[in-house]
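Visitor: In my numbering, the protein residues as written are 682 to 1193.
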Amino acid sequence: MSPFRFSTSPLDTAALQRDVRDESCGGFASFEGWVRNHNEGHAVTRLEYEAFAELAEKEGARIVEEARTKYGVTRAACVHRVGSLALGDVAVWVGVSAAHRDEAFRACRFIIDEVKHRVPIWKKEHYVNGDSGWVNCERCALPAAHTHEHAHEHHPVTPAPAPDYSRQIALREVGAEGQARLRAASVLVVGAGGLGVPVLQYLAGAGVGRLGIVDADRLEPSNLHRQTWYALNECGQEKSSLAAARVHALNPEVRVEAHALRLDAHNAERLCAGHDLILDCSDNFATKFLLNDLALRTGKPVLFASVYQYEGQLQLVRGDDATACLRCVWPEATRDGLVGNCAEAGVLGPVPGVFGSLQALETLKLLLGLPGLNPDEMLIFDLITLSTQRLRARRQPECAAHRRAARTAPLPAPEELELQFGSLTDATSAGFVFVDVRDTREREADPLPAESLHLPMSKLLTDAATLDLEGRYLLICATGKRSAAAAGLLRSQGFSGSHSLRGGLKSLKASA
Ligand SMILES: [Zn+2]
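(1) According to the Cβ coordinates, are F1062 and L995 closer than 9 Å?
(2) With contact counted as at least three CB pairs below 8 Å, one residue from each stretch, are the stretch 994-1011 and the stretch 872-890 in contact?
(3) Taking F709 as the reference, which of V716, E854, D700 has the closest Cα?
(4) Which of helix, strand or coil does DSSP assign to Y1154?
(5) Measure from the alpha carbon of T1147 to the alpha carbon of each residue in E1132, P1078, L697, then state which is nearest.
(6) Could you check if R1076 belongs to the surroundings of ligand 1, using beta carbon to heavy atom distance under 8 Å?
(7) Okay, do the stretch 986-993 and the stretch 1032-1040 touch, 3+ Cβ pairs below 8 Å being the bar?
(8) For V745, tell me which candidate among D1120, K797, H1180 has the shortest Cα-Cα distance.
(9) Pick from S903, R862, L768: whose alpha carbon is nearest that of R727?
(10) For the stretch 730-739 against the stretch 761-776, do three or more pairs of beta-carbon atoms, one drawn from each stretch, fall closer than 8 Å, so that the two count as touching?
(11) How would you write the range of the beta strand (DSSP E) that S867 sits in, first residue to last?
(12) May I ask you to check if the CB of L977 is nearer than 8 Å to at least one heavy atom of ligand 1?
(13) Check whether the Cβ atoms of S1038 and P801 lie closer than 9 Å to each other.
(14) Between E1123 and chain E, is the shortest Cβ-Cβ distance under 9 Å, so that the two count as touching?
(15) Specify, as a first and last residue, the run of the beta strand (DSSP E) that A632 falls within.
(16) Excluding sequence positions up to five away, which residues of its chain have a Cβ less than 7 Å from the Cβ of S977?
(17) What do you reckon, is the C-beta of R1073 under 8 Å from a heavy atom of ligand 1?
(18) Counting along the chain, where does the alpha helix (DSSP H) carrying E1079 start and finish?
(19) Just how far apart, CA to CA, sit E854 and A1131?
(20) Residues in the same chain with beta-carbon distance under 8 Å from V1118, minus the five sequence neighbours each way, listed in chain order, please.
(21) Who pairs with T1069 in a beta bridge, going by DSSP?
(22) Between A1082 and ligand 1, is the CB less than 8 Å from at least one heavy atom?
(23) I'd like the list of long-range same chain contacts for H719, defined as Cβ closer than 8 Å, with 5 residues on each side in sequence excluded.
(24) Compute the distance between the beta-carbons of D896 and G877, then report whether it is under 9 Å.
(25) Could you check which residue in S765, E784, R848 has the C-alpha nearest to that of A748?
(26) Apply the 10 Å Cβ neighbour rule to H833 and answer buried if 16 or more other Cβ atoms are within range, or exposed otherwise.
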């Protein structure tokens, strides 16, 4: 008899116990789940259980078998009721015989937990007021199960297999809810080469709902040692369409769009629109920096992967003002040609395979809300020595891309540019740092009666980099005219906390 089965009639627990009895065992543990008279504030009168029997029996049997090997249990069984149940009925029974009590308890607990989580069973509750509702139907939300059933109805002879995510749903961190999150997600993959191939394979396999593929290249024989998804007789064809066809063959539930284009400044925004996350699987810096700047402009996260010979790195750019971007890390915008791509530098096939797989993994974790690569770090993996490093990626205050983005992004309710103070002490207590914008001669002739930075108008733009983008500055000149202009200029450069002392030093003297 199968160790996991369904029963349409009331369970005879004494008989079930006799079935798993083992003379050699010192421990027996059982669990009974009963129909109770209420759920979430509703008075329940009876309930019904339904299951996709064929799928459920297979998965249930697998669970009992897992428990047996995991805990070294001699005999175990689980029986679940289906159909209509009355209050107080035993809905599910688990029994385990083991040499010792600890294994028996743990295996019993494992089986009931896993059955609740993994087996497609759901229940319909009937309430006192005549209403009813489906509850606990984690699996109802799963298109796979429905499609499978429907396939049986329409094609009774050869049912079309439906995608089955059970191996990942089995994970506590995924479950039916996580699967629904993946299904709702939309990811743009820029590059369908060495990195893009494993990325697309795993994202399609995982059931990510929508995938966009951007790649202008056609398949070449020299690609195949690392892009092993494709075939030699497909050389000359567009990679984006080849990849889209592969995605569809692997998982027809995924909505896939192919763009045989090179990402550029004109099409980048349009291509990224509608996607939650962008994956950089490109092999050139032009594309990487374009995506970086787009992330900062739109606040759309980009997960970057780069490979050079035996080494590669991963970095997540969240696109906000607080965390690092690619240009924070590589300020002197590395140009193409400075660092070789695969064509010039050479690469072993599995190297991009490893990084593409890591990128796919980080993507799934991001979509599922699991911990992973932080936005303030870079993962560097040397595949010769097999050593990994997580380097700090700092948000650089002088980063040009960040500053440009701050300039184009709407400021959150800008503060008044010009402020009036009775004395410099008042301004100090309001948290301002003074910036004297007068020239050196003026400054010496009429010194500020407080500590200040000196940033003369003539050097305003070149020296602004010494200021902190988040700093609160009060710019001061003799009459408040130059300082107002300077504060406006600094704000346009992203220094949103720049202010001008209205009336300048003259106003302070007048009020003193
Ligand atoms: Zn930056």
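Glycine included, each C-beta is placed from N, C-alpha and C at the ideal position.
Guide: Working from what's here:
(1) The residue given as residue 1062 occupies position 381 in the sequence shown. The residue given as residue 995 occupies position 314 in the sequence shown. Yes, these two residues count as a Cβ contact at 9 Å.
(2) Touching, no.
(3) Against the sequence shown, residue 709 aligns to sequence position 28. Measuring C-alpha to C-alpha distances from F709 to each of V716, E854, D700 identifies D700 as the nearest.
(4) Sequence index remark: in the sequence shown, residue 1154 carries index 473 (1-based). If DSSP states are grouped into helix, strand and coil, Y1154 belongs with the strands.
(5) Here residue 1147 refers to the residue found at position 466 of the sequence shown. Distance check between T1147 and each of E1132, P1078, L697 places P1078 closest, using alpha-carbon atoms only.
(6) Counting from 1 along the sequence shown, the entry for residue 1076 is found at position 395. Relative to ligand 1, the nearest heavy atom lies less than 8 Å away from the CB of R1076.
(7) The stretch 986-993 is in contact with the stretch 1032-1040.
(8) For the purposes of this step, residue 745 is identified with residue 64 of the sequence shown, where counting begins at 1. If we check each option's Cα against that of V745, K797 comes out closest.
(9) One-based indexing of the sequence shown puts residue 727 at position 46. Taking only the C-alpha atoms, the option nearest R727 is L768.
(10) Segments in contact, yes.
(11) Position 186 of the sequence shown, counting from 1, holds the residue named residue 867. Where S867 is concerned, the enclosing beta strand (DSSP E) stretches over 867-871.
(12) For the purposes of this step, residue 977 is taken as the residue at position 296 of the sequence shown. L977 Cβ: within cutoff of ligand 1.
(13) For the purposes of this step, residue 1038 is taken as the residue at position 357 of the sequence shown. For the purposes of this step, residue 801 is taken as the residue at position 120 of the sequence shown. Contact flag unset, no.
(14) The structure shown contains no chain E, having only a single protein chain.
(15) Look at the range of the chain in this structure, 682 to 1193, and you will see that residue 632 is not part of it.
(16) For the purposes of this step, residue 977 is identified with residue 296 of the sequence shown, where counting begins at 1. Contrary to the premise, residue 977 reads as Leu rather than Ser in this sequence. Cβ neighbours of L977 beyond the five flanking positions: G1000, C1006, A1082, H1083, A1086.
(17) Numbered from 1 along the sequence shown, position 392 holds the residue referred to as residue 1073. Not under cutoff, so the answer is no.
(18) The sequence position of residue 1079 within the sequence shown is 398, counting from 1. Counting along the chain, E1079 falls outside any alpha helix (DSSP H), and DSSP gives it neither H nor E.
(19) Walking along the sequence shown from the start, residue 854 turns up at place 173. Walking along the sequence shown from the start, residue 1131 turns up at place 450. Each residue's alpha carbon lies about 57 Å from the other.
(20) Locating residue 1118 in the sequence shown gives position 437, counting from the first residue. Correct list, in chain order: L1136, P1137, M1138, L1141, L1156, I1157, C1158, R1163, S1164, A1167.
(21) To locate residue 1069, count along the sequence shown from 1; it is residue 388. Bridge partners of T1069: F1062.
(22) To locate residue 1082, count along the sequence shown from 1; it is residue 401. Checking every heavy atom of ligand 1 against the Cβ of A1082, one is found closer than 8 Å.
(23) Translated into positions along the sequence shown, residue 719 becomes position 38. The beta carbon of H719 sits closer than 8 Å to the beta carbons of V725 from its chain, once the five residues preceding and following it are set aside; these are given in chain order.
(24) For the purposes of this step, residue 896 is taken as residue 215 along the sequence shown, with counting starting at 1. For the purposes of this step, residue 877 is taken as residue 196 along the sequence shown, with counting starting at 1. Yes, Cβ-Cβ distance for D896 and G877 is below 9 Å.
(25) Here residue 748 is taken as the residue at index 67 of the sequence shown, counted from 1. Nearest option by C-alpha distance: E784.
(26) As a first step, residue 833 must be located in the sequence shown, where it is residue number 152. Summary for H833: the model assigns pLDDT 35, below 50, so the residue's position carries little reliability, and this model does not support an answer.
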